[in-house]
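S.K.: Here it is, the structure, as structure tokens.
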Amino acid sequence: MTFSPALEQRFAKMLAGYPEGRTRSAVVPMLIYAQDEVGSITEELIQEVAKRCGVERLKVDEVVGYYSMLHRKPMGKYHVQVCTNISCLLVGGLELYEHCSKTLGLGHKQVSPDGVFSLEEVECMGACSWAPAVQINYDFHHNVTPEQLDGLLDGIRKATKS
Amino acid sequence: MPTGPLYPLTPHPLEIRVLTKRFGTPNSASIDTYLADGGYQTFLKARQMTPEAIIDELKTSSLRGRGGAGFPTGLKWSFVPRTSPKPKYIVVNADESEPGTCKDRLLMEYDPHQLIEGMMIAAHTMGSHKGYIYIRGEYRYLVESMNVAIEEAYAKGWLGKDIQGTGFDFDCYTHSGAGAYECGEETALLDSLEGKRGIPRMKPPFPAVAGAWASPTLLNNVETFSAVVPIIRDGGAKFASYGTPKNGGTRLLCVSGHINKPGVYEVPLGLNMMKFINEVAGGVWKGRKLKAVVPGGSSCPILRADECDVAMDYDSIAKIGSMMGSGGMVVLDETTDMVQFALRIMKFYQHESCGWCIPCREGTTWLKKMLQRYHDGMGQESDINLINELATNMLGRTFCALGDAAAMPTISIVTKFRDEFVDYLSKPSMRELVGIH
């Protein structure tokens, strides 16, 4: 399995950065960076990461099950993550999540049939002073109103259709 | 991406910007801006100091860990066996995930070189040559921007071999997490750094002695490492003078919730909480009354409005039974539904419990189920005591602090807002048949 030249370069640098004989350390970052390119944590990817980090396949597999940002099945091209933890909850985060769920017709961790959107109700993402907050893939959106979220989603819809 | 600066451009008169002093400077994250402001000179100063002298300055500053536990930093630094023949490592905890907390993000976004310099001073003190910044997976843009800052530092000879002809070598790397609150616990973070599930380790040995890859490791929060630079630059006494005895310096407070001016502010320790809420943060929103305050992240016992006339430092808040925690202050107005609030906190801890030890794994699960049932209108008055009792039985019986973090707010909410729980029983609209799943 090979990745894009940029990712290969990143991996090479990463593996060289840990102390000698400690390449297992690269497992978590390698999985998340590779997931961004591959789309999800596939069996092939698990085996590849195991090979590159010099550990048994199972030691990678058990890590996949632990971290909430690692997905065994592809999420949407645009993974919409709405925070409903306390700071967001107090200023409309739950209503925002429910609004988003209705607009997209998706529940927690569901993916739209065309694969464009997925939705997740997430835990605190560190945007508490700018709540309610939404992350679409890795991009933060702060002080989001339902109308603004509709605008963001419409923009994505238009961009993916054209 | 975030648009516009995430901090108020004009400091409030009660703010003292020490760690955030460059925040308003254009291109504050660039190495040129940092160098123009005397950046990395403190590392050169530290090179002329003995490790003992540096640790003494930290002790004088009375800096305490800014991650949540508030352990005296100078003491923590003194625990690392500097003469050990093993390699020593510097690890930055940038896994900021305590609900209500969003300050380390700004320190990395707007002043990454201050953090790198803090790590370098630590490395010189410990005789370490490698440092890792463990950044939560959600903060990908910060992994990228920290990498840019690290590249800049290598390019200008402030990282790598023989830094600026001092004969000192130091390499610095970022390491991304992948979504796990538990990895903010220092030993779980180290397991995660080693490529494993983030599960806490039995202590002792403490990370200072056997941390990353079983070697002596100095592990501090982003804000703690960042504070080292002004302390060594201007002296520990200067930093201490901003705060109160044993609670030196300033700290970044992130205020959120029902407040007029939510934001991140750098204030001296010991500032009165009500003064902070009303003057710096603009008061409770919509002209409403204050009901309660979570003083430092969701794991802190909640304070009733009448308890909030208190100096904000570690010891004063501990005296009234709560914690300064991570600096994540959440303000609740009089309309807040405390049952829903308690449930949301427990949902979080249940989701984030790593499952390693039973009191936490089972305790958070049962507490969530009971609070959910209560919230859904199927509660009984006896549940209030049961919730309290279950949470109390978790205290001090878990491997790491996550169990306590789940129990403490719960106990304080059901105790201090018991009336609201009782009132909830008579809410007919909430009554739907919901079983425990």
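Keeping their order, the protein sequence lines are chains A and B.
Numbered as in the numbering used here, the first sequence ends at 162 without a single skipped number.
Numbered as in the numbering used here, the second sequence ends at 1437 without a single skipped number.
All residues carry an ideal CB built from backbone N, CA and C; glycine is no exception.
Assuming B/V1091 contacts B/L1193 under a Cβ cut-off of 8 Å, what Cβ separation, rounded to an integer in Å, is found between them?
M.R.: In the second sequence, residue 1091 of chain B corresponds to position 91, counting from 1. In the second sequence, residue 1193 of chain B corresponds to position 193, counting from 1. About 7 Å separates the beta carbons of B/V1091 and B/L1193, which is inside the 8 Å limit, making them a contact pair.
S.K.: Can you tell which of A/P113, A/D61, A/E123 and A/Y33 has its C-alpha closest to the C-alpha of A/F3?
M.R.: Looking up residue 3 of chain A in the first sequence gives position 3. Of A/P113, A/D61, A/E123 and A/Y33, the residue nearest in Cα terms is A/Y33.
S.K.: In three-state terms, what does DSSP make of B/M1001?
M.R.: Position 1 of the second sequence, counted from the first residue, corresponds to residue 1001 of chain B. With a pLDDT of 41 at B/M1001, under the threshold of 50, the predicted position of this residue should be treated as unreliable, though the coordinate-derived value follows. Three-state DSSP puts B/M1001 in coil, outside helix and strand.
S.K.: If you run the structure through DSSP and keep just helix, strand and coil, what is B/S1256?
M.R.: For the purposes of this step, residue 1256 of chain B is identified with residue 256 of the second sequence, where counting begins at 1. Strand.
S.K.: Whose C-beta lies closer than 6 Å to the C-beta of B/F1079 among residues of the same chain, with five residues either side of it excluded?
M.R.: Taking the second sequence and counting its residues from 1, the one referred to as residue 1079 of chain B is at position 79. Correct list, in chain order: A1208.
S.K.: Using a Cβ distance threshold of 8 Å, determine whether the stretch 1131-1144 of chain B contacts the stretch 1177-1197 of chain B, with at least three qualifying pairs required.
M.R.: yes
S.K.: Can you pull out the residues from the stretch 67-89 of chain A whose beta carbon lies closer than 8 Å to at least one beta carbon of chain B?
M.R.: The stretch 67-89 of chain A vs chain B, Cβ under 8 Å: Y67, S68, M69, L70, T84, N85, I86, S87 and L89.
S.K.: Counting along the chain, where does the beta strand (DSSP E) carrying B/T1187 start and finish?
M.R.: Here the question's residue 1187 of chain B lines up with position 187 in the second sequence. First-last for B/T1187: E1186 to L1193, but that is the alpha helix (DSSP H), not the beta strand (DSSP E).
S.K.: Could you give the distance in angstroms between the alpha-carbon of B/T1336 and the alpha-carbon of A/S118?
M.R.: Working through the second sequence from its first residue, we reach residue 1336 of chain B at position 336. Working through the first sequence from its first residue, we reach residue 118 of chain A at position 118. C-alpha separation (whole angstroms): 31 Å.
S.K.: Candidates B/P1268, B/N1388 and B/E1352: which alpha carbon is nearest B/E1015's?
M.R.: In the second sequence, residue 1015 of chain B corresponds to position 15, counting from 1. Checked all of B/P1268, B/N1388 and B/E1352; the closest Cα to B/E1015 is B/P1268.
S.K.: Just the chain A side, please: which residues come within less than 8 Å of B/V1255 by C-beta, in chain order?
M.R.: Position 255 of the second sequence holds residue 1255 of chain B. Result: S129.
S.K.: State the DSSP-derived secondary structure class of B/H1175, mapped to helix, strand or coil.
M.R.: Residue 1175 of chain B sits at position 175 when you count from the first residue of the second sequence. Looking at B/H1175 - three-state DSSP - the assignment turns out to be strand.
S.K.: Any idea if B/D1383 is buried or exposed, counting beta-carbon neighbours within 10 angstroms, 16 or more meaning buried?
M.R.: Here the question's residue 1383 of chain B lines up with position 383 in the second sequence. B/D1383 should be labelled buried.
S.K.: Going along chain B in order, which residues have a C-beta closer than 8 Å to the C-beta of A/L31?
M.R.: In the first sequence, counting from the first residue as 1, residue 31 of chain A sits at position 31. Within chain B, the residues near A/L31 are A1178.
S.K.: Using a threshold of 8 Å, state whether the C-beta atoms of B/Y1173 and B/E1117 are closer than that.
M.R.: For this step, residue 1173 of chain B is matched to residue 173 along the second sequence. For this step, residue 1117 of chain B is matched to residue 117 along the second sequence. No, these two residues do not count as a Cβ contact at 8 Å.
S.K.: From the beta carbon of B/H1175, is the nearest beta carbon of chain A less than 8 Å away?
M.R.: Residue numbering aside, residue 1175 of chain B sits at position 175 when the second sequence is read from its first letter. Closer than 8 Å: yes.
S.K.: Rounded to the nearest angstrom, what separates B/A1212 and B/M1378 at their Cα positions?
M.R.: On the second sequence, residue 1212 of chain B is found 212 positions in, with the first residue counted as 1. On the second sequence, residue 1378 of chain B is found 378 positions in, with the first residue counted as 1. Cα to Cα, B/A1212 sits roughly 48 Å from B/M1378.
S.K.: Is there a C-beta anywhere in chain B that falls below 8 Å from the one on A/C100?
M.R.: As a first step, residue 100 of chain A must be located in the first sequence, where it is residue number 100. No - not a single Cβ of chain B is within 8 Å of the one on A/C100.
S.K.: Can you list, in chain order, the residues of its chain with a C-beta nearer than 7 Å to that of A/V144? Leave out the 5 residues immediately preceding and following it.
M.R.: Counted from its first residue, the first sequence places residue 144 of chain A at position 144. Taken in chain order, the residues that qualify are L96, P132, A133 and V134.
S.K.: Helix, strand or coil for A/G65 per DSSP?
M.R.: On the first sequence, residue 65 of chain A is found 65 positions in, with the first residue counted as 1. Coil at A/G65, not helix or strand.
S.K.: For the beta strand (DSSP E) holding A/C83, just list the boundary residues, first then last.
M.R.: Locating residue 83 of chain A in the first sequence gives position 83, counting from the first residue. Per DSSP, A/C83 belongs to the beta strand (DSSP E) from Y78 to C83.
S.K.: Under 8 Å, Cβ to Cβ, is there at least one residue of chain B near A/R57?
M.R.: The residue given as residue 57 of chain A occupies position 57 in the first sequence. Under the 8 Å criterion on CB atoms, A/R57 is classed as non-interfacial with respect to chain B.
S.K.: In or out: B/T1410 buried (at least 16 other Cβ within 10 Å) or exposed?
M.R.: Residue mapping note: residue 1410 of chain B aligns to position 410 of the second sequence, counting from 1. B/T1410 is buried by the Cβ-count criterion.
S.K.: Is A/S129 closer than 8 Å to B/V1294 when the C-beta atoms are compared?
M.R.: Along the second sequence, read from residue 1 onward, the residue named residue 1294 of chain B stands at position 294. Along the first sequence, read from residue 1 onward, the residue named residue 129 of chain A stands at position 129. Contact: no.
S.K.: Which residues in the same chain have their Cβ closer than 7 Å to the Cβ of B/M1338, if we skip the five residues on either side of it in sequence?
M.R.: On the second sequence, residue 1338 of chain B is found 338 positions in, with the first residue counted as 1. Excluding residues within five positions, the ones whose Cβ falls inside 7 Å are I1413, F1417 and E1420.
S.K.: Examine chain A for any beta-carbon lying closer than 8 Å to the beta-carbon of B/P1002, and answer yes or no.
M.R.: Reading the second sequence from its first residue, position 2 is the one you call residue 1002 of chain B. With a pLDDT of 46 at B/P1002, under the threshold of 50, the modelled position of that residue is not reliable, and no figure is offered here.
S.K.: Using the beta-carbon of each residue, which ones in chain A are nearer than 8 Å to B/G1282?
M.R.: For this step, residue 1282 of chain B is matched to residue 282 along the second sequence. Going along chain A, no residue has its Cβ under 8 Å from B/G1282, so there is no contact; the nearest lies around 12 Å.
S.K.: Less than 8 Å between the CB atoms is what I'm expecting for B/G1297 and B/P1359, so what's the real figure, rounded?
M.R.: Taking the first residue of the second sequence as position 1, residue 1297 of chain B is located at position 297. Taking the first residue of the second sequence as position 1, residue 1359 of chain B is located at position 359. So it is not a contact: roughly 21 Å between Cβ atoms.
S.K.: Can you name the residues of chain B whose CB is closer than 7 Å to the CB of A/G54?
M.R.: Within the first sequence, the letter at position 54 stands for residue 54 of chain A. Simply none; closest approach about 10 Å.
S.K.: Work out the CA separation of B/D1376 and B/V1284 for me, nearest whole Å.
M.R.: By one-based count along the second sequence, residue 1284 of chain B stands at place 284. By one-based count along the second sequence, residue 1376 of chain B stands at place 376. Distance between the alpha carbons of B/V1284 and B/D1376: 29 Å.
S.K.: Would you give the residue range spanned by the beta strand (DSSP E) that B/P1268 belongs to?
M.R.: Within the second sequence, numbered from 1, the residue matching residue 1268 of chain B stands at position 268. Element bounds for B/P1268: G1263 to P1268.
S.K.: Which bits of chain B does A/A26 rub up against, with CB to CB less than 7 Å?
M.R.: In the first sequence, the residue the question calls residue 26 of chain A occupies position 26. Within 7 Å Cβ-Cβ: G1195.
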